[in-house]
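Protein chains in written order, with our numbering: chain A, 34 to 459; chain B, 10 to 307.
A virtual CB, placed ideally from N, CA and C, is assigned to each residue, including glycine.
(1) At a CB-CB cut-off below 7 Å, which residues of chain A make contact with residue 95 of chain B?
(2) Against residue 242 of chain A, what residues of chain B qualify as contacts under a CB-to-CB distance less than 9 Å, listed in chain order?
(3) Where does residue 153 of chain B sit, in a helix, a strand or coil, going by DSSP?
(4) Taking the alpha helix (DSSP H) that residue 421 of chain A falls in, what are its first and last residues?
(5) Whole alpha helix (DSSP H) runs in the region 69-127 of chain B with 4 or more residues, listed along the chain?
(6) Using a Cβ-Cβ cut-off of 6 Å (strictly less than) and excluding sequence neighbours within five positions of residue 87 of chain A, which residues of its own chain qualify?
(7) To the nearest angstrom, how far is the alpha carbon of residue 404 of chain A from that of residue 271 of chain A?
(8) Assuming residue 220 of chain B contacts residue 267 of chain B under a Cβ cut-off of 8 Å, what Cβ separation, rounded to an integer in Å, is found between them?
(9) Taking residue 137 of chain B as the reference, which of B/161, B/100, B/104 has the closest Cα?
(10) Measure the alpha-carbon distance for residue 400 of chain A versus residue 334 of chain A and round it to whole angstroms.
(11) Name the two residues that bound the continuous alpha helix (DSSP H) containing residue 52 of chain B.
(12) Against residue 443 of chain A, what residues of chain B qualify as contacts under a CB-to-CB distance less than 9 Å, listed in chain order?
(13) I'd like to confirm the pairing. Which residues does DSSP put opposite residue 258 of chain A in its beta bridges?
(14) Checking the sheet assignment: what are the DSSP bridge partners for residue 34 of chain B?
(15) Over what stretch of residues does the alpha helix (DSSP H) that includes residue 329 of chain A continue unbroken?
(16) Using a Cβ-Cβ cut-off of less than 9 Å, give me the residues of the region 178-193 of chain B that come near chain A, in sequence order.
(17) Mapping the DSSP letters down to three states, classify residue 213 of chain B as helix, strand or coil.
(18) Hey, quick one: how far does the alpha helix (DSSP H) through residue 288 of chain B stretch, first residue to last?
(19) Count the other CB atoms, across all protein chains shown, that sit within 10 Å of the CB of residue 129 of chain B; report buried if there are 16 or more and exposed otherwise.
(20) Could you name the residues of the same chain whose beta carbon sits closer than 7 Å to that of residue 369 of chain A, not counting the 5 residues immediately before and after it, in chain order?
(21) Kindly indicate if chain A contains any beta-carbon less than 9 Å away from that of residue 40 of chain B.
(22) Alpha carbons only, please: which of A/244, A/146, A/448, A/415 is nearest the one belonging to residue 85 of chain B?
(23) Verify the CB distance criterion: does residue 392 of chain A have a CB-CB separation below 9 Å to chain B?
(24) I'd like to know if residue 458 of chain A contacts chain B, where contact means its C-beta is closer than 9 Å to some C-beta of that chain.
(25) Could you compute how far the alpha carbon of residue 187 of chain A sits from the alpha carbon of residue 203 of chain A?
(26) Using 8 Å as the threshold, is the region 371-389 of chain A in touch with the region 351-358 of chain A, meaning 3 or more CB pairs across them?
(27) Could you name the residues of the region 342-359 of chain A whose beta carbon sits closer than 9 Å to any beta carbon of chain B, in the order they occur along the chain?
(28) Determine the contact status of residue 257 of chain B and residue 265 of chain B, defining contact as a CB-CB distance below 9 Å.
(29) Can you give the Cα-Cα distance for residue 151 of chain A and residue 108 of chain A, rounded to whole angstroms?
(30) Taking the DSSP output, what are the residues bridged to residue 21 of chain B?
(31) What residue from A/221, A/323, A/391, A/274 has the CA that sits closest to residue 338 of chain A's CA?
(32) If you measure between the beta carbons of residue 449 of chain A and residue 249 of chain A, is that distance less than 9 Å?
(33) Give the secondary structure of residue 253 of chain A by DSSP, where H, G and I count as helix, E and B as strand, and everything else as coil.
(34) Rounded to whole angstroms, what is the Cα-Cα separation between residue 435 of chain A and residue 344 of chain A?
(35) Whole-angstrom Cβ separation of residue 73 of chain B and residue 16 of chain B, contact assumed at under 8 Å?
(36) Taking the beta strand (DSSP E) that residue 267 of chain B belongs to, which residues open and close that run?
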């Protein structure tokens, strides 16, 4: 009850979705700024000693080329000085460039990667054509173009009736990873919240008053369930706000993005040549996932994982007097969670492999790793075994933590070791 | 009729025996003192009575039947280490803790108003607990202990942290609660307050009960034939061999004498009358403080 009333908590609940939206928009915005806001024009003098290739360099909004075909310049620097700042750089295309494949670009200022790659793209195509032409077969270029192959492998999944369904492995991985991260962040942050609350009640000594009104076990479970429900509510608010925000953003930004798709993909840092899924492909991929079972299982694992870790945080939290002493107990718990997260990331490449199978059955890692596997079909017996193990272990952890908690909340004074704390379980 | 009966309770922590077959019998409507030096086992016993911890063996009866978990709603407990949620408002704190004891919200709010009024805290109702002075926080804590009108009140060092004026008010409130029918178990080392308000006591030392009974009876049984003698003319009373010795006591107005073994009081009075002008003689009973120190030192 102290938590929800806090102003900072309410503010964060409302602000977080906006922060996420803003962070999500940054790449798009950056690429937009890069492509449009940069109106400065780089003027490049091209000294083409071959006299054949300067035409390959096309002027556009950002580059203007001053072509000096067939001329030979001894010293590009003198030429630059003579131009008296009417140019920004001097490019020298030497004779024999077909073999050396190297041109020099002289400038006072360092020119960006974008500039160099633009120049290189312009020259590549022309130089390639020239080389092919030199081989003497006039049709060779056309033949080569025709021979180009780009094989797409489509995963078509059979459902129970044997009907075919398209599946996008990429989309499934992304969804799995999002779920895994959600579980990880939620369990970690709310687990820490529970621990702080336990330590706080112990530090300000109210815990003795409270346990004279209810059982320690009730207090601990009340705390875990209460914080869990607060978390889920907060989470639901985020999802709603995020979808509203995303929808609004989609309306505003959709048109500009559609007008400038290259900028968007460049902003997302996709390697050039990567196949960009069209909107319809993404929609089919999303539709192909069994959302009902996915979200159902997500909730089951989410609750199980939360109970498991939250009870550990509560139990070990009760063993310390001050929040600053808690690290010796939180570190192992956090370490296990980080391992689980890394295992989850590693399992993306092979969600059906032995590591993924084991880690999704071991209860301490399963809430995170199983998220990665869920969008791909998991054999029902593995799912069942893993859920039974998870909830069994969660109950065991609650039992152990309750026993530690019962003793820990009333003991003050010296710092306790891990071993001592485990003795309280008996 | 006893309200609380603790029978032969044993509690052990990690090889240390905290309570060794302790008995405690608190009559209904009594202010009962639970005394003992630090570490004697008072807090362990209290925690067993209000079911925070469980005894290894022995039993606790309330009102003639074995105590159950639901009985804790009928207990008000003020621990020695006071504690409140610091960041919430006074009113919320009181209502929350009252509801934990099973009070319906409406009644809890009404009772809270009454108690705040009684302790002159009404204007602080909307403030956060951490903004209150220590004395005010103590009062809030006292209110949270008694608001649900429990039949058993357990106070662990209730007067620590109170100035004399507030301590006096607290004492009055405790008496008032007793008059309304509550049984009060009161743990302390403050012997002055024990003499003032406790009717009966149990003294625990080294995990065992070493003394118990009515305060008056205990004093009687510990008396040492000491008398305070007042004589006219400001004369100094000298010791008389075979009758009494003079005990130095700077605090008393008259002279304190200690009768020799077997000497009757009237013989001493007769001799004093013959040699001085005796204006008064009163028996000096030992203070609880002396009895406490004497018993604990044994």
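Based on what the coordinates show:
(1) 237
(2) 86, 87, 88, 91, 92, 93, 106, 109, 150, 153, 154, listed in chain order.
(3) helix
(4) 413-441
(5) 99-109, 114-127
(6) 79, 81, 100, 102
(7) 20 Å
(8) That belief does not hold up - the Cβ atoms of residue 220 of chain B and residue 267 of chain B are roughly 23 Å apart, past 8 Å.
(9) Of the candidates B/161, B/100, B/104, the one whose C-alpha sits nearest the C-alpha of residue 137 of chain B is B/100.
(10) Roughly 5 Å between the two C-alpha positions.
(11) First-last of the alpha helix (DSSP H) with residue 52 of chain B: 51-58.
(12) Neighbours of residue 443 of chain A on chain B, chain order: 56, 61, 62.
(13) Bridge partners of residue 258 of chain A: none, in fact.
(14) B/14
(15) 324-350
(16) none
(17) strand
(18) Per DSSP, residue 288 of chain B belongs to no alpha helix (DSSP H); it is in the beta strand (DSSP E), 287-292.
(19) exposed
(20) 397
(21) no
(22) Answer by Cα proximity: A/244.
(23) no
(24) No, because no Cβ of chain B sits closer than 9 Å to the Cβ of residue 458 of chain A.
(25) 11 Å
(26) no
(27) none
(28) yes
(29) Distance between residue 151 of chain A and residue 108 of chain A, taken at the CA atoms: about 25 Å.
(30) B/26
(31) A/221
(32) no
(33) helix
(34) 8 Å
(35) That belief does not hold up - the Cβ atoms of residue 73 of chain B and residue 16 of chain B are roughly 12 Å apart, past 8 Å.
(36) 264-268
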